[in-house]
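Student: Structure incoming, see below.
Numbering (this note's numbering), first residue to last: 946 to 1092.
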């Protein structure tokens, strides 16, 4: 499979030919993130580093979407949502809330009775679900399972 950066660069060329400006801007932003991270690290990026860059950009789009929605700027919120969806296509499939709940239930039953607090469960859950589920969803499910 081609490296994530190469896939995005190829898709950027296709989007440019199709004159899809939103996709062009979003993919350029991702490539820029890779360049920044590589400069910061002083070395080539691994596949997981590239995924982290895309995850970070998806999270930024989610945060911006929430802020624009709260401020009543629906056209900007919709743009952020479309950009987020473009970037999500490059990430591994996310676990469903039901799958996350099953993993969290397993973690809670494995932990000794005295150490079943939100911090220890979150630490174990995020280690298993890194990149496979949104942290806010995991936190919500952990809180529900512990109450």
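Yeah, the Cβ is synthetic: ideal placement off N, Cα and C, and Gly gets one too. Quick caveat: nothing in here was measured; it's all calculated off a predicted structure.
Helix, strand or coil for residue 981, going by three-state DSSP, please let me know.
Tutor: In this structure, residue 981 counts as helix in the three-state DSSP scheme.
Student: Rank 967, 1022, 1048 by C-alpha distance to the C-alpha of residue 1011 and give the top, closest one.
Tutor: If we check each option's Cα against that of residue 1011, 1022 comes out closest.
Student: Since I believe residue 1082 is in contact with residue 1066 (beta carbons under 8 Å), could you give me their beta-carbon distance rounded to a whole number of angstroms?
Tutor: Their Cβ separation, rounded to whole angstroms, is 14 Å, which puts residue 1066 and residue 1082 out of contact at 8 Å.
Student: Considering residue 1085, what are the terminal residues of the alpha helix (DSSP H) in which it resides?
Tutor: From DSSP, the alpha helix (DSSP H) with residue 1085 extends over 1080 to 1091.
Student: Taking the alpha-carbon positions, what's the residue 1037 to residue 1058 distance?
Tutor: If you take the alpha carbons of residue 1037 and residue 1058, they lie about 34 Å apart.
Student: Is residue 1044 helix, strand or coil by DSSP?
Tutor: Looking at residue 1044 - three-state DSSP - the assignment turns out to be helix.
Student: Start and end of the alpha helix (DSSP H) containing residue 1065?
Tutor: 1063 to 1074 is the span of the alpha helix (DSSP H), which, as asked, contains residue 1065.
Student: State the start and end residues of the unbroken alpha helix (DSSP H) segment that holds residue 1006.
Tutor: Residues 992 to 1015.
Student: Let me know if residue 964 comes out buried or exposed under the rule of 16 or more other beta-carbons within 10 Å of its beta-carbon.
Tutor: Label assigned to residue 964: exposed.
Student: Buried or exposed: which applies to residue 1043, given that a residue is buried once 16 or more other Cβ atoms fall within 10 Å of its Cβ?
Tutor: With fewer than 16 other Cβ atoms within 10 Å, it is exposed.
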